Each structure stands twice: as structure tokens, then as C-alpha cells.
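Sequential numbering from 13 applies to the sequence shown in the working numbering.
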Amino acid sequence: MNEYLLLLEDDEALRHHLGRKLERHQYQVIYCATLSDARDAVKSNLMIDVAVLDQNVGSDNGLDLITPLLEKFPACRILILTGYGSIPAAVAATRRGARNYLTKPASLNDILHAISDDAATALPALPDAPPSLERLEWDHIQRVMEEHDGNISAAARTLGIHRRTLQRRLKKRPSASEYERDRS
């Protein structure tokens, strides 16, 4: 494979750890701690096949690197990796040209899948209407429950709500009509 991968991450430990794992998967990693370093790397490198960009890099925004990357390397596959994910930021990233958008903590497999050259991994078209709040809440609760292996007390602590409140919300699964609305 030996593709060149630009890794923009301001957290030194995460940058080093993730970079080492990506190197084991045959990527030639270009490490950048600041947006300025990343801009210099884009200017000085002859090839960048993949970019994994942290959205919040100090007081800078990693999204600002998408356009310069794609201008010089139009085939570059860009993944935005952030600890502060939101739907508007994901939409902004994809509109600028990012291929995928993941929230931290993301597993190595998720990252590798998101940056793979397989066309099937490209982001699906955005729906005409955003998901309902009930659906978003339900999906978030399910992710937290999965992270805690179904332990309601631990999930409730993570969510910052009382255990009984979580139990009540789990009983209120969004209706089929809400799921149908989200598909259109």
C-alpha cells in the first residue's frame, strides 16, 4: 500500500499512538501538530493520498485544510476526526470535500474503514431532513449503553441522568413512523 498520510492532531499522545498504528498498516505518516505545520506539509510534499484531520487544533479549525489539500491533491481521501462532533460540522466537512467524519474515540478499524480506497465507504447522500430529536437521543443512548455493555447505572452516570430516567427513556423507543421519516 505505502500511501502517504497526513495526520493533523494537536494531542501529542494521540498523534503518536495513532500514527504508529497507521504506520503498521503500511501508511507513510506525516505528523503535524498545528495547522501551520500541516499547511507547510501540503506545500512541501509531492504526494498525500490520505489525510486524517483533527477538527479543533488549538484555536484553529482543521476543516480549513480541506480546500488546500484538495487543490493540490484532488484524489486525497480526507477524514475529519473530532472530539466535538455535530451534525452542522459534519455537513460543513463533507461539503468542503471530506470523505468521512468520525467522533473520538474512534477505533482503529473505524478509521481504517473510513480512509480506505473502497468507493463503497464514501459517505451516503445526506437526507433531505435531519433525523428527529427522538431518533438522535435514542441512537446516542444506544451507543452509550453499548459502551457500558448494557449496564444501565454506568450508562446513566455517563449520560448525566438518573438511572430511573434512563430506564424510562429506554422504554420509549422512537416509533416506526419516525424511523421512516429519517430514511427519506
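Here a beta-carbon is modelled for each residue, glycine too, at the ideal position from N, C-alpha and C. Since the model is a prediction, treat every value here as computed from it, not as a measurement.
On the CB-based measure, 16 or more other CB atoms within 10 Å of its CB, does glutamate 158 come out buried or exposed? Classified as exposed, glutamate 158 has fewer than 16 neighbouring CB atoms from the shown chains inside 10 Å of its CB.
Report the three-state DSSP secondary structure of isoleucine 42 (helix, strand or coil). When secondary structure is reduced to three states using DSSP, isoleucine 42 falls in the strand class.
Pick out whichever of Asn68, Asp61 and Gly172 has its Cα sitting closest to the Cα of glycine 97. Asn68
Endpoints, the beta strand (DSSP E) within which leucine 93 is located: 89–94
Can you tell me whether DSSP reads asparagine 163 as helix, strand or coil? coil
Taking alanine 197 as the reference, which of Glu24, Glu35 and Ser56 has the closest Cα? Past the boundaries of the shown model lies residue 197; the chain is included only from 13 to 196, so the question cannot be answered.
Nearest CA to the CA of glycine 172: which residue from Ile153, Asp161, Leu114 and Cys88? Ile153
Can you tell which of Asp22, Lys184, Arg180 and Ala87 has the C-alpha that lies nearest to the C-alpha of serine 71? Asp22
Cβ neighbours of valine 62 in the same chain (closer than 8 Å, five flanking residues each side left out): Glu15, Tyr16, Leu17, Leu18, Tyr39, Cys88, Arg89, Ile90, Leu91 and Ile127
Residue environment, alanine 131, which counts as buried when at least 16 other CB atoms sit within 10 Å: Note that alanine 131 has pLDDT 44, beneath the 50 cutoff, so the model's placement of it is unreliable and the number below is only indicative. Note on alanine 131: under 16 other CB atoms within 10 angstroms of its CB, so exposed under the neighbour-count rule.
How long is the line joining the alpha carbons of leucine 65 and leucine 120, rounded to whole angstroms? Their Cα atoms are separated by approximately 15 Å.
What are the partner residues of leucine 114, as DSSP defines its beta bridges? Assignment of beta-bridge partners to leucine 114 by DSSP yields Leu93.
Looking at isoleucine 60: is its Cβ nearer than 8 Å to the Cβ of glycine 109? no
Counting only the same chain and skipping the five closest in sequence on each side, list residues whose C-beta sits under 7 Å from that of alanine 118. Around alanine 118: Leu93.
Around the Cβ of asparagine 163, are there at least 16 other Cβ atoms within 10 angstroms (buried) or fewer (exposed)? exposed
Beta-carbon contacts of serine 165 that lie in its chain and below 8 Å, excluding the five residues immediately before and after: Residues Arg175 of the same chain have their beta carbon placed closer than 8 Å to that of serine 165, with the five preceding and five following residues left out of the count.
Output the boundary residues of the alpha helix (DSSP H) element that contains aspartate 49. Taken as a continuous stretch (DSSP letters only), the alpha helix (DSSP H) holding aspartate 49 covers 47–56.
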